[in-house]
Every structure is written in structure tokens, then in C-alpha cells.
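Heads up: the structure comes next, in C-alpha cells.
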Amino acid sequence: MSVLSTGRHQSVSLRFALYALMLLLALVFVFPFLFMLTASFRTNEQIFAHSGSIGAFVPTGELTTANYAYVLGNGNILHFFLNSVIITTLTVGLGLIVNSLAAFSLARLQWRGREAVASLLVVLLVIPFEAISVPLMLLVAHLPGLGFEAGRLVLTRSWLNTLYVQILPFVANAFSIYLFYQFFRSIPKDFDEAAYIDGATPLQVYRHVIVPSSKPVFATVSILQGLAMWNQYLWPVITVPGESARPLMVGMQQFFGHTTEWGNVMAYATIITVPVLAAFVIFQRWFVRSVIGSGVKG
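All letters in the sequence shown, in the order written, are residues 1 to 298 by UniProt numbering.
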């Protein structure tokens, strides 16, 4: 009896230690956001006065919204914000369709060369984007595109300085295909066979069998690809020299040249961060379920 009590006590102690460690790690990740949010409502003098104390993370004292008013009134942030929303939404939306269909063909259909393509997909995962950014930029610089001139739709000589140069090259994503592929393989093929017996086509199986069973991985891919596109910086810097198609991240660099007030900078950073946090809060249930069910495996 004492052995059981001792084992139960050790189990409770271990669980308490684990929860304490998780809480500590959560605080480590939350503190920078709390500092950014709190500093966005303070003046430069208040920020430096509270630095080095717990007050830097707690919104106490006299707070002001002047930083947000300055950010919204300078630097075309609303225009850049709209560009980022369009780029992220279209890339994620098109990517969900393209990448899931590609993964469906790899995981559920039988065709010659399927294993070779799946192996190539793994190889593509280890190639950094920086290695192909310059060749890709030279390619899109000579591709004809569409643009507006004097209110008319005209043919342009290049994709540079457009919104779609920040969208189309990123619709097909090797990592997204791999996540879909891993999840689709975990779905029993008995469902497919039953649908085929009823006369369904492969596209109908994808639409009525696979997609309804794959909400967690769709949410996971939406978060990961959306976060990657929202934080995109290198590609817009080299392909979007003008302001008309500039996204929010590149606009932040321009904004730094206008002010040295840290409250303004933190307000800009908060505006960038809040949509990402909101998206994760909305989709976190499916995100966690996908990670537990299929795993983001190395």
C-alpha cells in the first residue's frame, strides 16, 4: 500500500514539475509580446523609465494611443496592410487547392513514377529559398504580365513590382504538399474503395471523402503558409522596388527611417503581430489535432 502511495506521490510531483516547466516556457515566449504591447501605449520616456523592471511588461500608469495615431497617419501602413492581406489570402487559398490535390495524387492514386516524385519532394524540402531566389527573380523579370495603366488593363514586360509576383511563385509549396501527403496516408483506403464502388471519380473522392476528413491538416497548412507569407521579406525586397505592391514587412523598414520613437515602432510591430495571433487562436484546435494525429516529422 505504501508503495502505491509513493508511486502516486511521485507521479503527482512529476506532473507538477512538468506543468511548472511548461508555464515557465510559456512566460518566456509571452514576455516579449507583453513588452511590445505595453510599450506601444507609452512614450519614449516612459519606456526607458520602466525598462529593467516588471513595469515594462505591465500596462500601468498613463497610457496613450498617440503611437497608433502616428503609425496610421504616416508611412502608408493601411495600403501596405491591404497588400499583405491580399497576398497572404490568395497564396493560402490557391495553395490549399493546389498542394492538397498534388498530395492526393501522391498518397491515394496509383501511377508510374509516383515514388520518384515523392522522393523528389523530400529533396526539395532541404533546399533553402535563398539558393533559388536570384534565379527565380531573373525568370520573373522577363515574364510578360498584366498591369493597369491610365485605368486600362495592359500587357507588361515583367512581373516585377506587382502583387502576383509575390503570390504565384509560392502557391505550390513542397512542405505543404508533404504535410498533406502524410495526413492523407493516415486515412483508411477503405473509404476510397467504398466510394469507387458507388461510382465516384477520383476528384469526387477527394472532395467528398478526403477533404471532410482532413480539416486539421488544412488548418495547419493555412497557419504555416499564411505565417510564412505574412512574414515574407527577402522576396519583396528584390522584386518590388516601388510602393504600390509593397507588403507590410518591407513597409516597416521604410517606417524605421521616419521615426526613432520606440513607442511608434512597437505600435507598428503590434499591428503586424495581432492578425497572426488571431489566426492561430481561431485555428489552434485543428492545428494541435493535426500535429498529434499525423505529426510534423523531420
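Backbone N, C-alpha and C define an ideal beta-carbon position, used for all residues, glycine too. Computed from a predicted model, the values in this text were never measured in an experiment.
Alpha-carbon spacing of residue 210 relative to residue 97, whole angstroms: For the purposes of this step, residue 210 is taken as the residue at position 210 of the sequence shown. For the purposes of this step, residue 97 is taken as the residue at position 97 of the sequence shown. If I take the Cα positions, the gap works out to 12 Å.
For residue 65, count neighbouring C-beta atoms within 10 Å of its own C-beta (all shown protein chains included) and say buried if the count is 16 or more, exposed if not. As a working mapping, residue 65 is identified with position 65 in the sequence shown. Exposed, by the Cβ-count rule.
Going by C-alpha distance, which of 216, 161 and 226 is nearest residue 171? Numbered from its first residue, the sequence shown carries residue 171 at position 171. The residue with the shortest Cα to Cα distance from residue 171 is 226.
Thinking just about the alpha-carbon of each residue, which of 119, 168 and 81 is nearest to the one in residue 276? Within the sequence shown, residue 276 is the residue found at index 276, counting from 1. The shortest C-alpha separation from residue 276 is found at 81.
Straight-line CA distance for residue 106 to residue 182? Position 106 of the sequence shown holds residue 106. Position 182 of the sequence shown holds residue 182. Approximately 10 Å, taken between the alpha carbons.
In terms of residue numbering, what span does the alpha helix (DSSP H) encompassing residue 246 cover? Counted from its first residue, the sequence shown places residue 246 at position 246. Looking at the DSSP string, residue 246 is not in any alpha helix (DSSP H), and its letter there is neither H nor E.
Alpha-carbon to alpha-carbon, residue 273 and residue 306: Coverage of the chain is limited to positions 1 through 298, which leaves residue 306 absent and any answer about it impossible.
Member of 254, 240 and 235 whose CA lies at the smallest distance from the CA of residue 131: Position 131 of the sequence shown, counting from 1, holds the residue named residue 131. The candidate whose alpha carbon is nearest that of residue 131 is 235.
Could you tell me which whole alpha helix (DSSP H) segments of length 4 or greater appear in the region 173 to 198? 174 to 185 and 190 to 197
So residue 165 and residue 140 are in contact, right, with Cβ under 8 Å, and what is the actual spacing, rounded? On the sequence shown, position 165 is the one that residue 165 refers to. On the sequence shown, position 140 is the one that residue 140 refers to. The pair is a contact, with the Cβ atoms about 5 Å apart (cut-off 8 Å).
Between the region 213 to 223 and the region 243 to 250, do at least 3 Cβ pairs fall closer than 8 Å? no
Using a threshold of 8 Å, state whether the C-beta atoms of residue 84 and residue 270 are closer than that. By one-based count along the sequence shown, residue 84 stands at place 84. By one-based count along the sequence shown, residue 270 stands at place 270. No. Outside cutoff.
Bridge partners for residue 155 per DSSP, in chain order? The residue given as residue 155 occupies position 155 in the sequence shown. Per DSSP, 146.
Please say whether residue 76 and residue 264 have beta carbons closer to each other than 8 Å? By one-based count along the sequence shown, residue 264 stands at place 264. By one-based count along the sequence shown, residue 76 stands at place 76. No, they are not a contact pair.
Taking the CB atoms as reference points, tell me whether residue 22 and residue 266 lie closer together than 8 Å. Along the sequence shown, one-based indexing puts residue 22 at 22. Along the sequence shown, one-based indexing puts residue 266 at 266. For residue 22 and residue 266, no; Cβs fall outside 8 Å.
Straight-line gap, residue 113 to residue 57 (C-alpha atoms, nearest Å): Within the sequence shown, residue 113 is the residue found at index 113, counting from 1. Within the sequence shown, residue 57 is the residue found at index 57, counting from 1. If you take the alpha carbons of residue 113 and residue 57, they lie about 56 Å apart.
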